[in-house]
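What follows is a set of notes on a single structure, which appears directly below.
Residue numbers (the UniProt record's numbering): 1 to 130.
Written out as structure tokens, the structure is:
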């Protein structure tokens, strides 16, 4: 036995068929899910650009620090969260706001010269985080 998927007698679908089965038509996805998924992607990318990535085989997480990129991602996230909060409901918006605030504070901590209160990334929409 080589361990390949084709050697598994219980495997019933080819890899392409399995991927197709897990793929959903965008028309079937609720708006709340699209918004929260986009927000999570923005949060993850912003965290990496704030230097919060885990150390790994490719190098130290701090090596990915890029505050210019982080500022753009956090600002986009703040706009998305603020604009969508009334529509996605408090249950979803609360956790997104918490993650956003954490990123805004991490950005301030990573900055050599922190922005003035109310001038940080996304603070145009959220207000000052300090």
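Glycine included, every Cβ here is placed at the ideal spot set by N, Cα and C.
| Item | Value |
| --- | --- |
| Distance CB(residue 46)-CB(residue 77) smaller than 9 Å | yes |
| Residue 26, enclosing alpha helix (DSSP H) - first and last residue | That residue, residue 26, is in no alpha helix (DSSP H); it is neither H nor E in DSSP. |
| Close beta carbons around residue 96, own chain, < 6 Å, minus the five adjacent residues each side | 39 and 81 |
| C-beta contact flag for residue 87 and residue 32 at 9 Å | yes |
| DSSP-derived helix/strand/coil call for residue 56 | strand |
| Touch test, the region 59 to 68 against the region 103 to 119, Cβ-Cβ under 8 Å, three pairs minimum | yes |
| Collapsed DSSP secondary structure at residue 1 in the structure displayed | Low local confidence applies: a pLDDT of 49 at residue 1 is under 50, so the model's placement there is unreliable, with the coordinate-based value given in what follows. Note: residue 1 maps to coil in three-state DSSP. |
| Closer than 8 Å: residue 57 CB and nearest the ligand SAH heavy atom | By its list of ligands, the structure shown contains no ligand whatsoever, and the ligand SAH lies outside what it can speak to. |
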